[in-house]
Each structure stands twice: as C-alpha cells, then as structure tokens.
Amino acid sequence: MAEPVLDIAGLAKRYGASTVFEGVDLVLGAGEFVAVVGESGVGKSTVLNCAAGLDTIDAGRVRVAGTDIHALGESAQAVFRRHHLGFVFQAFHVLPHLTVAANVGLPLLLQDAPDPMRVSAMLSAVGLAGFEARLPHTLSGGQLQRVAIARALVHRPKLILADEPTGNLDPATAERVLSLLVEQVREHGATCLLATHSRAAAARADRSVTLTPSGIVA
Amino acid sequence: MIGLLRQLSWPELRHHPWRNAAALVAVMLGVALAFSVHLINASALAEFGAAVRAVNGEADLTLVGPRGGFDEALYGTVAAAPGVAVASPVVEAETFAFDAAGARVPIRLVGLDALVVAHVAPALLPRPRSGEQRLSVLDPDAVFLNAAAERRLGGAATTLVLQTAAGRRTLRIAGTVGAGGPPLVVVDIAGAQVALGHIGKLSRIDVRLAPGADRAATLAALQLPPGVRAAAPSEASDRISNVSRAYRVNLTVLALVAMFTGAFLVFSILALSVAQRVQSLALLAVLGLTARQRLGLVLAESALLGAAGSVLGLALGAALAAIALRLFGGDLGGGYFPGVAPALRFDAAAAVGYGLLGIVAALVGGWLPARSAQRIAPAQALKGLGMTATPRAPGFIGIALLALGALLATLPPVFEIPLAAYGSVALLLIGGIACVPGGVGLALAAVPEPRRALALLAVERARHQRASATIAVAGVVASLALSVALTVMVASFRDAVTRWLDVVLPADLYVRAAVGPASGDVATLPERLPEAARAIAGVVRAEAQRVVAVSLNPRRPQAALLARSIGDPVTSLPLTGELVAAPAGAIAAYVSEAVVDLYGATPGSTLTLPLPDGSRASVFVRGVWRDYARQYGAIVIERADWLRLGGDRRINDIAMWLAPGASTAQVEDALRRLATEQGYDASLLEFAAPREIRATSLRIFDRSFAVTYWLQAVAIAIGLFGIAASFSAQVLARRKEFGLLAHLGLTRRQILAVVAAEGAVWTGVGAGLGLILGIAVSVVLVKVVNPQSFHWTMELLLPEARLAALCAAVVAAGTVTAFLSARRAVGAQSVLAVKEDW
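Those protein sequences? They're chains W and A, same order as listed. According to this note's numbering, the residues represented by the first sequence are 1353 to 1570, in order. According to this note's numbering, the residues represented by the second sequence are 5 to 842, in order.
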C-alpha cells in the first residue's frame, strides 16, 4: 500500500488547561481531496497549522509524506514546507509590493529554481494570463485568490492545505474558485486538506470529515 | 473630536504609555531647553542692564572721555554751566580685589563725590555701617561694597585688599551701596584717583539738567574739549546686548535643534501608532469617519502630546533656568556677564510663545502620520494590503531646497546674526532628507531584478515602499548630519586653536599682572622690568606688551590694542593673507578678523585709533591675523609706535626667551627679586609657560565644547529611537507578510536576516547621506556661522577616523535595532497573523 501523504494520529492541542481537541486521527492518501468541517472554534485551522508544523502539538504525531514534521527543527520544518506544502488562505495573503508573477513564482524562487515559464503556465491555468505585471491592489478578491491558488501549486507540492479559501468571496465567485482549486489539485496530482464550514465546499471533496473536540467523526 | 479622542486615542495612549511618554518627554525637553535659555538670557540681560543703570544713574546727560580719562577741570565748567542742575564726577576702572584666600576677584572701582551722587545715581550713595561716622563717605581710604562684592569677599571682612596701580592697597570697609550687578566698590573720588593712578583725571561726568533746560543747547554751550562727548542714552545697554548676542543666538539655535529632534520623535511615534491602527482606522472609515476626521484625529493627538509636553517643558525650563542662574550665572559660564547672579524673571509672554512652539513642533511631527491616516484606502487596508503608498514629493523639491540652502549660505548676516546661515543649515537638512526617496529610486532603478528570493523581497519592497523607508532613514540622516557637523566643527576649531597657540606663544616664559584688557590700566608691571629681565642669567630676550582697551564704536564692546615688538609679522602673527606694504611714514597696524568684520578695516585701509589723551591717530592696516582670544577685535602695533603716538609707558605682559638649559624657576625667582627692588609687589606676578597656557586653553576649550558631545549623543539616541519606532511600524505592518513567508518555507532566521539586511542597507544609505549632509552643514558652520557670529575663521578639518567610527556605529546600531524590532514580529505567533481577517 502506498505511503499516505498525510498521516495524523492521536493529535491533541491544548491551550493551558483548555483542550481544543484530542484523539484526532486522519489519513490522506495521494491525490485525495478531503474536507474538514466543524463548528467555528473547534480547531479546523489549528489542525492545518499542526499539519504544517506551524503550531506545536501536545500529543500524537503528524507525518507528511512519511516525515514526522514535529520531529524536525524549526529550520528543517521551514525547508520541508518550502518543498512539500502549499497553502491557500481565506484572506488571500499576497505580498502587496510584488507583481502577480513574482507572487506566484515566490515558492520556486525560495527553492532557487525560478521558472518564469511555469509561472506563466500556472497563471494561464487559473485564468490570469496577462496579469503577470499587475500589482495585487489592482485585482479583485476572486482574482487574488486565484493568484494564491497558483502560488500554492506552482512548485508542485505533495500536500495543499486550504483554510476557508472561499470564506471572503461571494457565492458565485466562491464556486468558481473552488472549482478551480479542485481542478488544479487533481491536475497536479496533489493531496488537499480543506478546512471549511461551507457544506457546498465540503461537497466538492472526495470525502468529508467532521472535527469535534474528541476527534474526527467520519 | 473630543469624543473620538476619548474613545479611540485614550485607549491607544494607555496601551502604549511608555512610547507616548517618550514623545511627550521629547517635546518637554525641547521646550524646556529653549525656554530656559530664553529665561536665562532675559534674566541676565535685565539684571545686567539694571546694574548698569544703577551705576550710571538717572543722568540726563553723561559726558565721557577717552580711556585715560579727561582733565577734571572740566567738572567745574560743567557744574557751573547754565542749564545744569547737578553734575556728578566719576572715576572708574576694572581692577581686582583679593579674597580671604588671596584669590583675585574682578571688581569695578567707582570713585565719586558722595555729596552730589544721590541726585544722579542714588544706588551708588555710600551707606556707612553702624559705628562709622557719616563723613566716612568722604574718606579716601574708606570703601563701600555692593551686595555681590560683600558676598564674594566675605560679609564680615573689615578691610579690602585692592590691586592698584601701585600694587596692593588695603582699604577700610566702611559700609555698603545699593547698586546691584557684579562686584562693585565705591570710594571717594580722591581715593579712586590715587588708587587708579588717575590724579587730576575723571572718567565721566553725570549731569542732571535744570527743569526746562534743552539737552542740545546745554551741550553746545559746554563746548566740550576734544575726546569728550555726550554718550547716547542707549549706548550702555546696546553694548551689553552686543557682548553676548552671538553666544545667546547660538544657544537659542541649539535649543531649537532640540525642539526639531522632539518633533522628529513625535513623528516617529505617531507614524508607528498609525501603522498599528491602520485597520482600525480603515474600519472606522467604513463606519463613516471621513478622511478629514482621520487627519484631524491624529493631529489632535499630536497637539495634545505637544500641549502636555509644553506645559511640563515650561515648568522644567523655569526650574532649569533658576538652577542654572544659581550655579553658572547669567551666561552659563560663557564669561560675558562676570559676577552677575541674576534672579529668575518669569516671562509670561515668552512662556505662551514657547508653549505654542512646542505644540507647533508636535503638529509638524504629526503631520505626515496624520496625512497617511487621511489617505488610508479602507477596502485595501481591510483586505490586508496595507496602506496606500505615501505620495512622493516631486524630486526637484529636495534639489531646490538644497540649492536654496547653498544660496542662503552665501548671504551676509542679518543684524549681525547669521540667520541666513542657520536657514541654510535647516534647508540643507530638509532638502537632503527630501532627496532620499528620489535618490534611492534612481539607485534601485539600476538594480536588475534579483534571482534570489530574499534579495527579491528586499529590493521590491524597497522599490515600492521607499517613501516609508525614508521615514526611518530620515532619523539617521538628521541625527548623523548634526553629529557629523558638530564633530567636524569642534575638530576644526580645536585644530585651529592648537595651531594658533603655537604661533602666538613663541616665547619660553610669560609673566603678567593683568588678566584682561579691561583691567589693563590698573594691573600693570613696572616699566623697567623688561630691561631688568634681559639682564637675568639665562634670559636671551624679553619683550614687553601693553594691552589697552580701545573703543572704536561706543555701541560695541571695546577692542584690544596690543602694543609690542612685532619683528617679522609673517612669523610672529598668525596672518590670514598677504601683507600690504605700508606707505612711507605710516604707522603699521595688524588687525584681527573681527576688526575687519566689525569696522571694515581691510588691508590697505586706514583705521582711526583713540589715544589715551583723547586725540586720535590714523594707522595703516597692513594685514589681518587670526585671534581666537578676543571676539570683539584686536589691533597690534609696534610698541615704539605706540609710545611715539603718545601712548603710556605702562606694560602688562613680558614674553621671555630663555637660553637652552636655563632654569625657569631660577628666572622666575630672579624676576620676582628685581620686581621687588623696583618697588613692586612681586606676589602679583603671574608666570606661565607656553605648555601650561596651551594645556589650560585646550582644557577650557574641551570643557566649553563638552556639551556638544552630549548633544551628539542625544541626537544619535533620538535618531535610533526614530529608527526603532519606524522599523517597528513597518515590521508590524508586515506581520502578515512574515507569516506568509513562514508558510511558504522561509525560516525565522531568514526572515530576520532580510529585515536586518534591510535595516543595514537603509541605515547605511542614511549614514552615507547623513555624512555628506553633515559635512555640508559643517562647511556652513565653519565657514559662515563662525565668522558671522564670532568674527574668526578657521580651516575645515575632517577627522576621518572619528567620522567613519561614528557612521559605522550608527549603521551597526540601526541594524541591531531593525533586527530586534523584527524579532518581536516574527515570534511564534506571527504565523497566526495570516488567520486575521483584517
């Protein structure tokens, strides 16, 4: 059996005496698109942060492509993310002083492997051909999220972590962006963990799991 | 607006009390310094003016003569003239008294007729102490002290030892006089004439006119002899004001520099505050707060900081002034008002003025942050795309300001104050800072797009945010420019003084009896002492010098006339230019630069000198020399010429050249013996070797300029605080950027390296520009402000090693500051910044 891309086992997160969640087990196979739903504040984003090594864990383990990410040091975690992870956020997060092309090409540049052709192709794939030289403040919210999706995929990561990627968009735009995300993830053969409270968004995933304080409910 | 301040600004203030306290303290210190300097100056001038009025009395007419005095026979003529109600004869001079420890105390000796003085100058009326007879006021051996003299010489003393033309003389203290001001001793006119060697001479006659008498007609009827004239009523006060004007103006400018740095700190802190609140302000904009209201809100915060700082600054300034007046006197040790210990005179109008100045400084500092709050694009800010770029001023403005600054540096002084030069310094600083974005833009335009991620991030950010980076750099530019300018000016001045001392102290040993030209008529050496000195074993050469205070313009402080052996002026005087050959028969004079500036005595011109007998003589100006000792001018002529012109034979200094191996101590002993043999009190002789004079002079110099080192330290500290605040603001604004970079795989160390590198580059740019601007400002200070203020010139000296160390220290400090600012922002929580919706 192929090694899972994401393997979370017995994960727990606490803030002081308060337990956010515990006993979280989740396995994502290669190319799988999984949605995590749950009430606000249940810790969906925290699960994603823990999966990326951006937040500490209080119990359990997280393996990404076979690597126990929490066993790595801070720098090694960063380098790991650089190569194997892609992120899409609710609030887009593009760098305002970089052009669209520079924003998308940033992950490649961080790997010392700039590739303008691939950046252009990625922008074409998300419907932003010709937007290379534009600055972010000239784009709409939907366009900004497309830039973010292109950036998340341009370096062909194994795992995409998408945190409420349609939360800031109107329903029509959200639908288009979500379709694009699903399509691109599938086209790139990536695995995606989507945190959302939108049933419509969750319905686009291969499967959907619910996060509760006591663990994952399928 | 008050509601907004209470709801929005007050919580912000409470949330960052130390930061806002720093801005308040900066304004407070600026106002305190400026106000205290004003109070000290005003109090000293008022006190000194009152003292002069007390001594000069309420005369309708004051007849003054040459320095050597005029024939007392004139008194009889004046007293009997029609239109004259009362005439009061006066003999006066500066001399020294000796305190209980034997130390010299500068004192003014006033001889007068106690029977008439009450009508003209009641403050000088002797008041016999209990036990003294009323007629003691006419006793030539009885003296009456004012409060300052009593304080300085000991209130319980019964005798006063005075340095007179004939050596020490002990007089009986018989009472007091009410005149305020510096130490003063009143004696019967006959006693004063004897003590000062002015037998049959008067210094002045104070006249009260009869009711209805016309001043001009009375004067015309008096037919005053040559050399005697009626002094204009404002002469004395003008002279006093002129004495310290340059010093006072320079102190005030320093205080205004403190105010400028205070404004800069307000700017830095409010810029940080606005950057932190950009999303709150954007939300308020969405909720209906207009752009003008946002501008007004930040300006109101500035004004409040300024008002609070001003109120505290005024209180602190008054306290500082009171302490400084008590500890250092009215001239802060500058030596312009010796012996005056003025009481603080609070000036309400000035308090209002300086208070408003503090508020204006804070408003100036708050203007740019307020404008950036006004320009917030709410949608963009709420999307997390930061603030709109600050609109850049057109590039030509900075260049135009620099050009205007250069132009102002070429203008002459205004009312003898280098106002245009100070304007030039300000414009150079502001113009230089205004050129930063354009200059950086030009430099960045030439940089190809980097192929490395970290370099790309830094360069692109620099390209797009150079206006906000200018804010951080401005602090470095301003503070370093001031520091460099002060360093270069002080180094140039010290080097010039050192080299000047080498030229003006050619002999091996100096002996003198007078401290300055003001007391030169009393504190003299025996006339035959130089001749005797030449006969001492080991003395190769001995030359006498006479120092006389001469008035070339009654409204100006007196210049010094030095009559001495000149020899070859090229080697004996620190000349500033070529010598002009004197016409046959002309008396050659060599004037200091101040005489050229103040009286137009350029080489080749003729200068009219007042002589002791009241007559005048023309001398030919052959050349100009540098004199760092006498701000109001000095003229050197050959002693033989001085004697031929009718000058007195008295001398004040002797310069002695010794044979190799000669014992200085033995020469001093021998000279003391010879002085005693000539009937002179040898204990009054003061010996000094050039090395001691040089060391003492440089010690005094260093002490005088020690304040500039403090000022530099404060300027640099404020500049670094500004950098810290600006970088903190930028780093806060970039928290999401750092969070995103962490997601994308940048390590914390890499992010810190980017920010530290940006800090190093920006501080380096600031240091480079600050260095260039500082040197430009120092050229203005050395070549324009100094000559226009103090009438002396010097060569510019660049202490390269110190300047390099200064720049390196600032760059290092700026880099560390940026690094520390970033460390807070890229902590563990920074990755969560990407979760913030707004």
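C-beta: ideal position from N, C-alpha, C; glycine also.
*So W:D1377 is in the beta strand (DSSP E); what residue range does that whole segment cover?*
S1370 to L1380
*Interface residues of chain W around A:K845 at Cβ under 7 Å?*
Outside the shown range of chain A, which is 5 to 842, sits residue 845 of chain A, and nothing can be said about it.
*In terms of alpha-carbon separation, which member of A:E531, A:H42 and A:W766 lies closest to A:C811?*
A:W766
*Just the Cα atoms here: how many angstroms apart are A:F350 and A:Y358?*
13 Å
*Note down the Cα distance separating A:L800 from A:A107, rounded to an integer number of angstroms.*
39 Å
*Listed in chain order, which residues of the segment 745-758 of chain A have Cβ atoms closer than 9 Å to some Cβ of chain W?*
L745, A746, H747, L748, G749, L750, T751, R752, R753 and Q754
*Backbone secondary structure at A:G770 - three-state DSSP*: helix
_For W:K1572, list the residues DSSP reports as bridge partners._
Outside the modelled stretch of chain W, which goes from 1353 to 1570, sits residue 1572 of chain W, for which no answer is possible.
*Give me whichever residues DSSP pairs with W:L1406 in a beta bridge.*
DSSP output for W:L1406 lists no bridge partner at all.
*Determine contact between the segment 662-680 of chain A and the segment 593-612 of chain A, defined as no fewer than three beta-carbon pairs at a distance below 8 Å.*
no
*Apart from the five residues on each side of it in sequence, which residues of its chain come closer than 8 Å, Cβ to Cβ, to W:N1520?*
Q1442, A1443, F1444, G1493 and Q1497
*Does the beta carbon of A:E464 come closer than 8 Å to any beta carbon on chain W?*
yes
_For W:L1511 and W:D1377, what's the separation of their Cα atoms in angstroms?_
17 Å
*Are the Cβ atoms of A:L807 and A:L775 separated by less than 8 Å?*
yes
*Does W:V1561 have its Cβ less than 8 Å from a Cβ in chain A?*
no
_Cβ contact check for the segment 1389-1400 of chain W and the segment 1553-1565 of chain W: 3 or more pairs under 8 Å_ = yes
*Spatial neighbours of A:M493 within its chain, please: CB distance less than 7 Å, with the 5 preceding and 5 following residues excluded, ordered by chain position.*
S782, L785 and V786
*Say whether the segment 77-92 of chain A touches the segment 205-223 of chain A, bearing in mind that this needs 3 or more beta-carbon pairs closer than 8 Å, one atom from each stretch.*
yes
*Taking A:A764 and A:V815 to be in contact with their CB atoms under 8 Å, please state how far apart those CB atoms are, rounded to whole angstroms.*
6 Å
*Nearest to A:P126 by alpha carbon, out of A:S92, A:D143, A:A105 and A:L226?*
A:S92
*Among the residues of its own chain, which have a CB less than 7 Å from the CB of W:A1553, if the five just before and after it don't count?*
A1387, T1518, L1530 and L1546
_For a quick check, are the C-beta atoms of A:L566 and A:A593 less than 8 Å apart?_
no
*Pick from A:Y684, A:T821, A:L308 and A:R330: whose alpha carbon is nearest that of A:W14?*
A:L308
*Is it right to say W:V1399 is buried, meaning 16 or more other beta carbons lie within 10 angstroms of its own, or is it exposed?*
buried
_Would you say W:H1422 lies against chain A (beta-carbon separation less than 8 Å)?_
no
*Work out the CA separation of A:G427 and A:D886 for me, nearest whole Å.*
Residue 886 of chain A cannot be examined here, being either before or after the span of chain A that is shown, 5 to 842.
*When we look at the beta-carbon of A:E464 and count the other beta-carbons within 10 Å, is it buried (16 or more) or exposed?*
buried
*Name the two residues that bound the continuous alpha helix (DSSP H) containing A:Q378.*
A352 to Q378
*According to the Cβ coordinates, are A:A46 and A:V480 closer than 8 Å?*
no
*Apply the 10 Å Cβ neighbour rule to A:H19 and answer buried if 16 or more other Cβ atoms are within range, or exposed otherwise.*
exposed
*For W:R1434, which residues in chain A fall below 8 Å Cβ to Cβ?*
L748, G749 and L750
*Would a C-beta distance cut-off of 8 Å place A:A366 and A:R298 closer than the cut-off?*
no
*Buried versus exposed call for W:D1420 [16 or more other C-beta atoms within 10 Å across all chains shown]*: exposed
*May I have the straight-line CA-CA distance separating A:S314 from A:R568, to the nearest angstrom?*
55 Å
_Within-8 Å CB hit, W:S1427 to chain A_ = yes
*Measure the alpha-carbon distance for A:F268 versus A:S487 and round it to whole angstroms.*
16 Å
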